[in-house]
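As you go down the protein sequences, you meet chains H and V in turn.
Taking the working numbering, the leading residue of the first sequence gets 15, the next gets one more, and so forth.
Taking the working numbering, the leading residue of the second sequence gets 1364, the next gets one more, and so forth.
A virtual CB, placed ideally from N, CA and C, is assigned to each residue, including glycine.
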Amino acid sequence: MAETEQNTSALIKAEREFVVPGDKIVSSMEYLPGRNTFRDGDSIYSKRLGIMHLENHVISVVPLSGGYTAQVGDMVVGEIEDVQSNGWFVNMQAPQSCYLSLSGVRGFVRPGTDLTRIYNVSDLIYVKVVSVTNQGIGLSMQDDRARKLSGGKMIYVEPVKVPRVIGKQGSMISMIKRRTGSNIVVGQNGAIWLQGGDEALATTVIKMVEKESHKEGLTDMIEKFLNENAPPLPANQLPSTTEASPEAESENNLGGQIEKYGNEEN
Amino acid sequence: MKRIDGRKPEELRQLVVKAGVLERAQGSALVKLGRTTALAAVYGPKRLFSKHQQIPNKGLLEAHYVMLPFSTDDRIRPGTSRRSTEISKVMRLALEPVLFLEEFPRAGIEIHVAILQAEAGTRTAAINAASVALADAGIPMKDLVVSVSAGKIDGEYVLDLVGKEEEMTECDLPIAYIPREKKISLLQMDGDMPLKDVKGVMNLAIKGCEIIYEKQKQALKERWIDQVKTTIV
C-alpha cells in the first residue's frame, strides 16, 4: 500500500487530468507507456489531446478528438466498397485500406463462387479487426458477433464519442434500443447501424448523445427526452419502417446465401 | 529604445489563440498576433487518393498556406504564388518533426492556413495556428510547435518584428521551436548578422516561444475542458 502511495506522488498529471501533446505525465521508470503516450528518456509524455488514465502502472491517454484508430479486436461496422477475386475492400472510416479476405469468412466457400453473392458492393457488415499493418487493416467474420447487416440504415458519430453512446455497461444504448424498438449495432469506428422500430427517433437520440456528450446527467436527460418523444405506439412512425422493408427483404435473400455456404461445410 | 508601436524590445504583440473555431474541420485554430491573423484547419488522417503519393511506411503531411486577397493594403491575386509555395513548404518542414507520421502508413494529413490579415510575421502565425489545429484534431504529436521572429535594431535585440521594423532590422530571423526537446525546426534568416548576434537573437526568440507555448496549451484547455468530466475512461 505504501508503495502505491509513493508511486502516485511521482505523477505530474493526476488521473483524469486534461493533457495536450508533449505534456509530461510522469518522470519515473516505474510506469509503462500505454495508448497515446510515449517514453522519452525517463519520462512518459502524452501523444494526444485527452485525459490521463492510470491502470496497473500503465499510463494511457483517452483521446477527446480525432478519427478512428484501428486496434486489433475492435468490432466495426463497414460497407463493402469493392469485390475482388479473393475478398472484399471495406469502407470503415479508417485512414488505411481495409480488406476482408475470403479466408476470414465463416464456412466453406467453393472455389469459383461469385463473391458478390456473399457480399456485394454497398452491403453492410459488422466485422472484427484482426490485423493492423503498413499494408492496411485486415478484417474477419470469424467471431460470434460478426454478421451481415441486412436492410436498416447507417449513421455516423465521432469515434471518440462511441463510449458515450454505449454508456456504462451499455446503459445508454440498451435504453435507446428498448425505447425506440430499433435494432442497433454500434461499431468502434463510429459507424452505427439501425433497423426497425422508430429509426428516426433513434437517430435523433444518438445524435443528441454525440452533441451533448459533455453534459453531466446525460442519461437522465436522454431518458426524459425519450419519455416525451417515444410514444408507446411506434405504429405512427410507420413510413420509415415501410421504406426500409423492401430493401431488407432483398438483402435477406442474400443473407440466406451465406447460410447456405456456411452449411456446406457441415 | 522605444519601438514603433511602443512595445519593449522583448515584448510580443498582443496574442490571442483560440482552438476549435471551425465546425466542419476536424481540428482548427485562430491565432492573432497584433493585427496578423491566421486561421488553420486540419483534416485527416485520411485515405490518400492519388496512389502514387502514398508512402508505404508513413503518412504524408500536406501544408497549404494562402494569403487571402483582402489581407493586405493592395489586393493579392488569389491562388498560389512563389511566396505561398515557399511558406507552405517551410511550414510543413517545421511541423513534420513533431508528428508520429509512421502511425499512418499510406494516409494523408492536410493542413490549410489562411492569412486573414497580414502585418508581418505571417509564417510564424501560420505555424502557431497549424500546430494548435493539429493537436485539436487529435493527431498524435511529440509536442506543439511554436514560432516567432526576432531581429536586431539599433544594436538591440527585438522580438516579434512588425511593419517598418522589418526594414529597419539588420536581420529578420523567424524560428520554429519545439519546447519539450529544446529543438529548432525552422530557422530562416533574411539579412546579415555576426554569429554572436544570431545566437542572441535566437535566444530572445526562444524566450518569446515559451510565452506563446503556454498560450497555445491554454487555448486547447479552454476548448476541451468541459468534455473532461463526462468522458468515459
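Exposure of residue i, with buried meaning 16 or more beta-carbon neighbours within 10 Å
i	result
residue 1438 of chain V	exposed
residue 67 of chain H	buried
residue 149 of chain H	exposed
residue 1379 of chain V	exposed
residue 1555 of chain V	exposed
residue 1558 of chain V	exposed
residue 1408 of chain V	buried
residue 1505 of chain V	buried
residue 1376 of chain V	buried
residue 29 of chain H	exposed
residue 1367 of chain V	exposed
residue 46 of chain H	exposed
residue 1453 of chain V	buried
residue 1443 of chain V	exposed
residue 213 of chain H	buried
Candidates the options: closest to residue i by CA position
i	options	result
residue 61 of chain H	V:1573, V:1570, V:1586 and V:1497	V:1497
residue 1389 of chain V	H:195, H:161 and H:173	H:173
residue 141 of chain H	H:102, H:157 and H:133	H:157
residue 1469 of chain V	V:1551, V:1415 and V:1445	V:1415
residue 241 of chain H	H:213, H:193, H:154 and H:36	H:193
residue 1529 of chain V	V:1485, V:1581, V:1566 and V:1455	V:1485
residue 1411 of chain V	V:1432, V:1426 and V:1471	V:1471
residue 92 of chain H	H:164, H:226, H:232 and H:236	H:164
residue 1423 of chain V	V:1429, V:1431 and V:1413	V:1413
residue 1546 of chain V	V:1365, V:1519, V:1517 and V:1565	V:1565
residue 43 of chain H	H:132, H:24 and H:65	H:24
residue 203 of chain H	H:87, H:117, H:233 and H:102	H:87
residue 1395 of chain V	V:1433, V:1455, V:1419 and V:1492	V:1492
Other residues of its chain near residue i: CB distance less than 8 Å, five sequence neighbours each side excluded
i	result
residue 1314 of chain V	As displayed, chain V neither begins before 1364 nor continues past 1596, which places residue 1314 of chain V out of reach and without an answer.
residue 151 of chain H	84, 106, 108, 110, 111, 112, 113, 143 and 145
residue 239 of chain H	219 and 222
residue 1604 of chain V	Only positions 1364 to 1596 of chain V appear in the structure, and residue 1604 of chain V is not among them; the question remains open.
residue 161 of chain H	139, 140 and 155
residue 1571 of chain V	1373, 1375, 1511, 1513, 1522 and 1523
residue 1435 of chain V	1481
Proximal residues to residue i (C-beta, below 7 Å), its chain only, five neighbours per side dropped
i	result
residue 38 of chain H	26, 57 and 59
residue 1385 of chain V	1391 and 1404
residue 1587 of chain V	none
residue 200 of chain H	176, 179, 180, 187 and 206
residue 1447 of chain V	1428, 1429 and 1430
residue 79 of chain H	63 and 174
6 Å Cβ shell around residue i - same chain, five flanking residues per side excluded
i	result
residue 197 of chain H	209 and 210
residue 169 of chain H	206 and 217
residue 1406 of chain V	1389 and 1473
residue 1539 of chain V	1457, 1490, 1508, 1510, 1548 and 1549
Taking only beta carbons into account, state which residues of the segment 30-47 of chain H come closer than 7 Å to chain V, listed in chain order.
30, 32, 34, 35 and 36
Three or more C-beta pairs below 8 Å linking the segment 64-84 of chain H and the segment 43-51 of chain H:
yes
Does the contact criterion of 3 or more C-beta pairs under 8 Å hold for the segment 1369-1381 of chain V versus the segment 1459-1470 of chain V?
no
When you check each C-beta in the segment 1549-1566 of chain V against every C-beta of chain H, which residues fall closer than 9 Å?
none
Below 7 Å between beta carbons is the criterion; list the residues of the segment 1565-1593 of chain V that meet it against any residue of chain H, in chain order.
1580, 1583, 1584, 1587, 1588, 1589, 1590, 1591, 1592 and 1593
Give, in chain order, every residue of the segment 1502-1525 of chain V whose Cβ lies closer than 9 Å to some Cβ of chain H.
Sequence-ordered contacts of the segment 1502-1525 of chain V with chain H read 1502, 1503, 1504, 1505, 1506 and 1507 [C-beta pairs closer than 9 Å].
Interface positions of the segment 1373-1403 of chain V facing chain H (Cβ-Cβ less than 8 Å), listed along the chain:
1389 and 1390
Examine the Cβ distances between the segment 180-190 of chain H and the segment 118-135 of chain H and report whether three or more of them are shorter than 8 Å.
no
Closer than 7 Å, Cβ to Cβ, to anything on chain H: give me those residues from the segment 1453-1470 of chain V, in chain order.
Within the segment 1453-1470 of chain V, the qualifying residues are 1463, 1467, 1468, 1469 and 1470.
Could you say if the segment 91-102 of chain H and the segment 125-140 of chain H meet the contact criterion of at least three C-beta pairs nearer than 8 Å?
yes
With a threshold of 8 Å, are at least 3 pairs of Cβ atoms found where one atom belongs to the segment 1384-1401 of chain V and the other to the segment 1469-1479 of chain V?
Between the segment 1384-1401 of chain V and the segment 1469-1479 of chain V there are three or more inter-stretch CB-CB distances shorter than 8 Å, so the stretches are counted as touching.
With 7 Å as the C-beta to C-beta threshold (strictly closer), list the residues of the segment 62-80 of chain H near chain V in chain order.
62, 63, 65, 67, 76, 77, 78, 79 and 80
Chain V contacts made by the segment 215-232 of chain H, where a contact means CB separation under 8 Å:
227, 228, 229, 230 and 232
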